[in-house]
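Residues 112 to 752 (our numbering) are what the sequence shown spells out, left to right.
Beta carbons: idealized from backbone N, C-alpha and C, even for Gly.
Inspection log for the structure reproduced underneath, given as structure tokens.
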Amino acid sequence: MIVRRFATALLSSALALAAAVPAMAQTRVTSDIPPGFKPSDDLKDFTIREVQIPMRDGVKLHANIVIPKGAKNAPIIFSRTPYSADKAITGLPSNRYSMALPTAYAELAAAGYIIVVQDVRGRYKSEGDYIIAKPLIGPLNDTKNDHSTDTYDSIDWLVKNVPETNGKVGTVGVSYGGFTTLMSLVNPHPALKAAVPINPLVDGWIGDDWFHNGAYRQSFLDWVYRMSADKSSRYGLQFDRQDTYESWLKAGSVSDMAKLIGVDKLPVFQKAVAHPAYDDYWKEQALDRILAKEPLKVPTLHVHSLWDQEDIYGAPAVYEAMEPKDKGNDENFMIIGPWRHGQNMNLDGSKLGAIDFDGNTSAWYREKVLIPFFDQHLKDGGKNAKLAPVTAFETGANEWHRYNRWPLSCASGCPSQSRSIYFSADGGLGWSAPGGAGGFAEYVSDPARPVTYRQRPILSTYNPQTSWGQWLVDDQRFAEARPDVVTFVSDVLTDDVRLAGQPIAKFFASTSGTDSDWVVKLIDVYPAEYPAAPEMGGYELAISMDIMRGRYRDDPSKPSAIPANKVVEYQLKLPQVSHKFLKGHRIMVQIQSSWFPLYDRNPQTFVPNIFTAKKSDYVKATQRIYSSAKYPSRIELPVIP
């Protein structure tokens, strides 16, 4: 009887509980993710609007609009990227934009700007077809869109559909984003009032990304694979060894490696193989050439990094191309900083590798130059930033300087005239031209044992453990010790030597082969004992280095064999410098004929296309660098008082 009463009571309770539960909770749940659910922004000091912006051809491009709470009449900072608009605005999980956004965007938001980041056509969440560094509409682009038109259409939509804006837009971006920023200057939208291209891709053959003076950058294959194999970069290149020096050497030519890893199937690599010389394919894409023909309508701040490991050519080249149009010297600006690629935006600028700059130069640039520049041109009633036409950090001295122009020193037409420092056959380096018959320095270049661009093991570009971003400041003593590198070094300096411009190597050399690469390095040698930082004693800091392919010595568009064992004059323009060689230091020049595996090996036998060189084409060659009254090998240094 007791058991029956208990069961009856239990049943009654269960029925009452079921009746109390809302009908919705009794429905079968098909998913725990409600359709259309959006997280609340109530606790945040910013909101993010995710939009699809229609282009003139109907394709929609994905963008994130970050709006600080309470924004009114706010200008827009607009960036276009192939690296994901979602990732670009992702910092720490926080309700505060100062934490949730990467450093530069957070500082701009704090200064009152709306931040817009867009996936370029065909990447991540944007529709359409992706073409790497898509050229302007014309001979190389038979569609009806390019980065210029997509930027124009996007800005037009933003100023009409973001009610919080004052209708003024500034473009900014690093690397590929610097390239798209420069593209915004071609037929710019009327609302575009300022542009800041940072370390932009400008000329892929002369000195950015693809080639340097005809030598192919093998490390670029890693980037090509990530950008072409999938629209969201899901796939990374895998090498068969941690030390990629071994992987590349074992593979053979660039094309052999491309076949091995599947890159040979990617159109962008096929285009490079089809255009190894500086033909119209490269010339018509070069943005310094393009913008030299465009009117200067938008105030532009070019940002250059002295140790940019990827796009060291572009910023000064475009600044120079646009400068003649700046009649008042108040629309075309440049800042030169002691940075790696992109370091000035979101990374600490106090150091690069072992080199200390006595303060956070990146933060200084954003506070004193970037934000004031945008404020002047984008804010209603913005104050004059009073920027110098050129702001340059002088490495060695670790000082910022304001200049009215750049370069300050060159062969002719500059405030100061460049000064030659000459090689001597015995390994010396001095200000006096050689006399008499002189002699030569000799080494044997062996493609089977190429000179590395840094100490081994050499990790792949995107290996999490790599220090790819700082290789340009690596101590060069590892190379000086090799028998296939010749070194010329000055006496200890009794006075400071200041440089502000472009060093130009003019040297006379012979090779026993019929083709050759030449790598020239300008180096600051620290004193053997350095009390200020004992670990830097004897450090060999490269301040400017580059490579050239000998077959293009006379005409970059028409390769020709080098006459074997004949003395030939070469000229190599090195990257720009703003540097002080301090009293007590020495100046050094190193010359070699390979820079591996960063650049492909020259077989040292002239072949129609080095991309497809055969194993039998790679031969040893005896290289000689001459120094005499007849052959005064030297570097013209942009010396200033």
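- For A385, the uninterrupted alpha helix (DSSP H) segment begins and ends at P378 to A385.
- Under the 8 Å Cβ criterion, the stretch 508 to 524 does not count as touching the stretch 248 to 258, having fewer than three qualifying pairs.
- In the DSSP assignment, Q682 falls within the unbroken beta strand (DSSP E) covering V679 to K684.
- The residue from D469, V335, F484 and S531 with its alpha-carbon nearest to that of F504 is D469.
- In summary, F148 is exposed, with fewer than 16 beta-carbon neighbours lying within 10 Å of its beta-carbon over all protein chains present.
- For H415, the closest of F444, H173, S237 and A536 by C-alpha to C-alpha distance is F444.
- According to the DSSP secondary-structure assignment, Y327 is paired through a beta bridge with F322.
- If you draw a 10 Å sphere on the C-beta of E161, you find fewer than 16 other C-beta atoms in it, and that means exposed.
- Distances from the alpha-carbon of E478 to those of A220, I178, T192 and I176 put A220 closest.
- Between the C-alpha atoms of I144 and D197 there is a straight-line separation of about 21 Å.
- Remark: C-beta atoms of Y663 and A388 approach each other more closely than 9 Å.
- Our two residues, C525 and I176, have alpha carbons roughly 45 Å apart in a direct line.
- Distances from the alpha-carbon of R328 to those of S366, Y346 and D264 put S366 closest.
- In this model, F189 and S527 are separated by some 39 Å (Cα to Cα).
- The C-beta of W334 has 16 or more other C-beta atoms within 10 Å across all chains shown, which makes the residue buried.
- Contact between the stretch 627 to 646 and the stretch 686 to 696 is present: three or more C-beta pairs spanning the two stretches fall below 8 Å.
- Three or more beta-carbon pairs drawn from the stretch 312 to 323 and the stretch 412 to 431 are found closer than 8 Å, and the two stretches are therefore classed as touching.
- Pairing I466 with V584, the inter-Cα distance amounts to about 8 Å.
- Check the Cα spacing between D351 and each of P645, M338, S237 and I372: the tightest is with I372.
- One thing to note: Y476 has its Cβ no nearer than 9 Å to the Cβ of G493.
- Contact between the stretch 668 to 680 and the stretch 612 to 626 is established, with three or more Cβ pairs separated by less than 8 Å.
- Pairing I309 with T291 gives a Cβ-Cβ distance that is not under 9 Å.
- In this structure the stretch 654 to 670 lies against the stretch 376 to 390, because at least three pairs of beta carbons, one per stretch, are closer than 8 Å.
- The continuous alpha helix (DSSP H) containing R400 extends over residues L398 to A403.
- In this structure, DSSP gives E421 a state outside helix and strand, which the three-state scheme calls coil.
- For F484, no beta strand (DSSP E) encloses it; the enclosing alpha helix (DSSP H) starts and ends at I482 to L489.
- Of the candidates A426, A544, V630 and E646, the residue whose Cα lies closest to the Cα of A653 is V630.
- Under a 10 Å Cβ-count criterion, W418 is classified as buried, with 16 or more other Cβ atoms of the shown protein chains found around its own Cβ.
- Judged by their CB atoms, I446 and V409 are not nearer to each other than the 9 Å cut-off.
- Nearest to S601 by alpha-carbon distance, out of A536, D491 and D595, is A536.
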